[in-house]
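Asks:
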Amino acid sequence: LAKTTQPISMDSYEGQEVNITCSHNNIATNDYITWYQQFPSQGPRFIIQGYKTKVTNEVASLFIPADRKSSTLSLPRVSLSDTAVYYCLVGAFSGGYNKLIFGAGTRLAVHP
Amino acid sequence: EPEVTQTPSHQVTQMGQEVILRCVPISNHLYFYWYRQILGQKVEFLVSFYNNEISEKSEIFDDQFSVERPDGSNFTLKIRSTKLEDSAMYFCASNAAGIDMDEQFFGPGTRLTVL
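As given, the protein sequences belong to chains C and V, one line each in that order.
Sequential numbering from 154 applies to the first sequence in my numbering.
Sequential numbering from 9 applies to the second sequence in my numbering.
The following block contains the structure:
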């Protein structure tokens, strides 16, 4: 499994765009990049997954450069309710069985 | 929207006692998991379950732990003789097969407190 590095914490204000970057220098050819979100005292929640270039859904965008050694999760116009821990995970796409290995994540605090 | 449910939400037990944590995965899912998170620490994989047997377990999942799918809907984690260090949030998760996105669905968790 590729090792990931992401900032321990970030602060933002309501209405701002937040970009959280994850480094994964040893990503393998068949690895995908997946982001999960965890609110306090709740289970993690899948946000987005991508392989290359850009992926967008109703919650976030994921930008992956051509060398795939990093990725950036972009949260548009955050609100207080986006305060959470965000995890970047890298691993082979399975289409089924998928043990998740979480790191420490990035603790995002959104302020009024 | 379907969701994974877990009971109880909070379990308090004495050291050495047995506990059973219960989960109801999403009905058409085939892969089931237990994770735990000690307060202030990262989420850790415990065990995965597929086709009525354990497919993988971590070194945390020792002989004191067991899992079972007693019927078509429930998925349980049993800790035979609890220790103080078993105090944690325990999350059940599940996902479907043949999907185009590796999305795992987590339950709300059971907070286990061992006294």
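Where a beta carbon is used, it is the ideal one built from N, C-alpha and C, also for glycine.
Report the CB separation of L215(C) from L226(C) in whole angstroms; it is logged as a contact under 8 Å.
Replies: Confirmed, Cβ separation roughly 6 Å.
Asks: When the distance is taken between beta carbons, is S165(C) closer than 8 Å to L233(C)?
Replies: Cβ distance not < 8 Å, so L233(C) and S165(C) don't count as in contact.
Asks: List the residues of chain C that E64(V) touches, going by C-beta distances under 9 Å, in chain order.
Replies: Within 9 Å Cβ-Cβ: Y250 and K252.
Asks: Would you list the one or two residues that DSSP bridges to A336(C)?
Replies: Past the edges of chain C, shown from 154 to 265, lies residue 336(C), and the structure says nothing about it.
Asks: Relative to the alpha-carbon of L85(V), which residue among R30(V), T21(V), P16(V) and Q19(V) has its alpha-carbon at the smallest distance?
Replies: If we check each option's Cα against that of L85(V), R30(V) comes out closest.
Asks: Let me make sure I understand the geometry here. Which of V243(C), P265(C) and K207(C) has the alpha-carbon closest to that of G256(C)?
Replies: Of V243(C), P265(C) and K207(C), the residue nearest in Cα terms is V243(C).
Asks: For Y218(C), does the count of other Cβ atoms within 10 angstroms reach 16, so buried, or fall short, so exposed?
Replies: For the sequence presented, residue 218(C) should be read as Pro rather than Tyr. Under this definition P218(C) is an exposed residue.
Asks: Going by C-alpha to C-alpha distance, which of T118(V), G48(V), K65(V) and L38(V) sits closest to G80(V)?
Replies: Cα-wise, what sits closest to G80(V) is L38(V).
Asks: Verify the CB distance criterion: does N60(V) have a CB-CB separation below 8 Å to chain C?
Replies: So no, N60(V) is outside the interface.
Asks: Contact between the segment 114 to 122 of chain V and the segment 15 to 27 of chain V: three or more CB pairs below 8 Å?
Replies: Touching, yes.
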